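Q: The sequence shown lines up with residues -18 to -1, 1 to 220 when you count with mature numbering (1 follows the signal peptide of the UniProt record, and there is no 0).
Please find one structure pasted underneath; my questions will follow.
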Amino acid sequence: MKKILLATGFLIVGISLAAFGRSVLNANPGAVAVITETATYTLPRTGFVATLREAIAGGEDVASRAEKKIPAPPTPPPPPPADETPVRLAIPALKIETNVQRVGLTASGDMGTPSGRRIYRDVAWYKGGAAPGEPGTVVFAGHLDNSLALPAVFYHLDDLAIGDFIIITNYAGEDFSYVVREVAHYSHDAVPLARIFRTEGKEELVLITCGGDWIRDEKTYGKRVAVYAERIISAGSI
């Protein structure tokens, strides 16, 4: 929720109070003396008036000072993703249909994971690998559960069976269909990275999440679940 601050300014410039002149009789009855009394009210050195006086006294242009207070223009939005970038992932058998976030590698060299408000509902696509329709592996990762041990997007990934379908939609609106060919389980420290992260060869979809028991000392799950799926190419798309 954004907080909006409203400022109400009151501008008072050049206020002067003058008393009316009054006439009195001089000792010489033939002469009339007019005494004029003038009362002047000086504005306090606060707020806008003080700022105005200081600017004039210092020889600074008021307009230039106002320019200094103009906020910088907002940062332009990032460019839209390329047409081949995946934006939606659907797994009908698990009733999953979710958004895709683009990720790279973390400082420790691991594949990044979803972030932001949808950290446990979105999946991450490794942008350093293949996009749908390209040679190599198209790799997606999603959380198993959240910090309260409640199910996240890939909580039931291990329930996928050979023959189940996965559909990826890219930014251009094209759908790419895959069929599950293998569901594999690896120890968290023995994941075949060379197989999962390929940039050449036959196109293959790979979905990854955690599994097994929680290892408290290492703060990670003991297993990794990997689903391998083959691209379905219809006669009309060849």
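Glycine residues also receive a C-beta, built at the ideal position from the N, C-alpha and C atoms.
Owing to the predicted nature of the structure, the values given are computational and were not obtained by experimental measurement.
#1: What did DSSP end up calling Asp157 once you bin it into helix, strand or coil?
#2: Quick one: what does DSSP say Gly98 is sitting in, helix, strand or coil?
#3: Span of the alpha helix (DSSP H) holding Leu142?
#4: Which residues does DSSP pair with His170 in a beta bridge?
#5: Could you spell out the range, first to last residue, of the beta strand (DSSP E) harbouring Arg180?
#6: What are the start and end residues of the beta strand (DSSP E) that includes Gly110?
#7: When burial is assigned at 16 or more other CB atoms within 10 Å of the CB, is Trp196 buried or exposed?
#8: Of the choices Val165, Thr80 and Arg103, whose alpha-carbon is the least far from that of Pro68?
#9: Please state the DSSP three-state secondary structure of Leu76.
#10: Here's the rule I'm using: 16 or more other beta-carbon atoms within 10 Å means buried, otherwise exposed. How should Arg198 be labelled?
#11: Check the DSSP bridge columns for Arg198 and list the partner residues they point to.
#12: Could you pull the DSSP bridge partners for Asn152 from this structure?
#13: Among the candidates Val165, Ile178 and Glu185, whose CA atom is the shortest distance from the CA of Gly193?
#14: Look at the alpha carbon of Pro62 and the alpha carbon of Gly115, and state the distance between them as a whole number of angstroms.
#15: Compute the Euclidean distance between the alpha carbons of Ile101 and Arg213, then round it to the nearest angstrom.
#16: Are any of the Cβ atoms in chain D nearer than 8 Å to that of Asp141?
#17: Tell me which same chain residues have a C-beta within less than 7 Å of the C-beta of Thr181, skipping the five on either side of it?
#18: Straight-line CA distance for Pro74 to Ile149?
#19: Determine the DSSP secondary structure at Glu116, reduced to helix, strand or coil.
#20: Work out the CA separation of Ser216 and Gly86 for me, nearest whole Å.
#21: Would you identify the three-state DSSP class for Gly124, choosing helix, strand or coil?
#22: Three-state secondary structure (DSSP) at Thr88?
#23: Is the distance from the Cβ of Arg163 to the Cβ of Val135 below 8 Å?
A: Taking the coordinates as given:
#1: The residue labelled residue 157 in the question sits at position 175 within the sequence shown. Asp157 falls in the strand class under three-state DSSP.
#2: Sequence index remark: in the sequence shown, residue 98 carries index 116 (1-based). Here Gly98 sits in helix by DSSP.
#3: Within the sequence shown, numbered from 1, the residue matching residue 142 stands at position 160. For Leu142, no alpha helix (DSSP H) run applies, since DSSP gives it neither H nor E.
#4: Your numbering for residue 170 matches position 188 in the sequence shown. For His170, which the question treats as bridged, DSSP gives no partner whatsoever.
#5: Position 198 of the sequence shown holds residue 180. The continuous stretches of beta strand (DSSP E) do not include Arg180, and DSSP gives it neither H nor E.
#6: Stepping through the sequence shown from its first residue, residue 110 is reached at position 128. Careful: Gly110 lies outside any beta strand (DSSP E) and carries neither H nor E.
#7: By 1-based counting over the sequence shown, the position of residue 196 is 214. When all chains shown are included, Trp196 counts as exposed.
#8: As a first step, residue 68 is located in the sequence shown; it is residue number 86 there, counting from the start. It is Thr80.
#9: The residue given as residue 76 occupies position 94 in the sequence shown. Collapsing the DSSP output to three states places Leu76 in a helix.
#10: On the sequence shown, residue 198 is found 216 positions in, with the first residue counted as 1. By the 10 Å Cβ count, Arg198 comes out exposed.
#11: Stepping through the sequence shown from its first residue, residue 198 is reached at position 216. Note: Arg198 sits in no beta bridge, so no partner.
#12: As a position in the sequence shown, residue 152 is number 170, starting the count at 1. In DSSP, Asn152 forms a bridge with Pro68.
#13: In the sequence shown, residue 193 corresponds to position 211, counting from 1. Ranking Val165, Ile178 and Glu185 by Cα distance to Gly193 puts Val165 first.
#14: Here residue 62 is taken as the residue at index 80 of the sequence shown, counted from 1. Here residue 115 is taken as the residue at index 133 of the sequence shown, counted from 1. Going from the Cα of Pro62 to the Cα of Gly115 covers about 20 Å.
#15: Against the sequence shown, residue 101 aligns to sequence position 119. Against the sequence shown, residue 213 aligns to sequence position 231. Rounded to the nearest angstrom, the two C-alpha atoms are 27 Å apart.
#16: Reference to chain D is not applicable here, since this structure consists of a single protein chain.
#17: On the sequence shown, residue 181 is found 199 positions in, with the first residue counted as 1. So the list reads Gly111, Ala112 and Gly118, once near-sequence residues are dropped.
#18: By one-based count along the sequence shown, residue 74 stands at place 92. By one-based count along the sequence shown, residue 149 stands at place 167. Rounded to the nearest angstrom, the gap between the Cα atoms of Pro74 and Ile149 is 8 Å.
#19: Position 134 of the sequence shown holds residue 116. Coil, per DSSP.
#20: Working through the sequence shown from its first residue, we reach residue 86 at position 104. Working through the sequence shown from its first residue, we reach residue 216 at position 234. Straight-line measurement puts the Cα of Ser216 at about 31 Å from the Cα of Gly86.
#21: In the sequence shown, residue 124 corresponds to position 142, counting from 1. It is coil, neither helix nor strand.
#22: One-based indexing of the sequence shown puts residue 88 at position 106. In the displayed model, Thr88 falls within coil according to three-state DSSP, outside both helix and strand.
#23: To locate residue 163, count along the sequence shown from 1; it is residue 181. To locate residue 135, count along the sequence shown from 1; it is residue 153. No. Outside cutoff.
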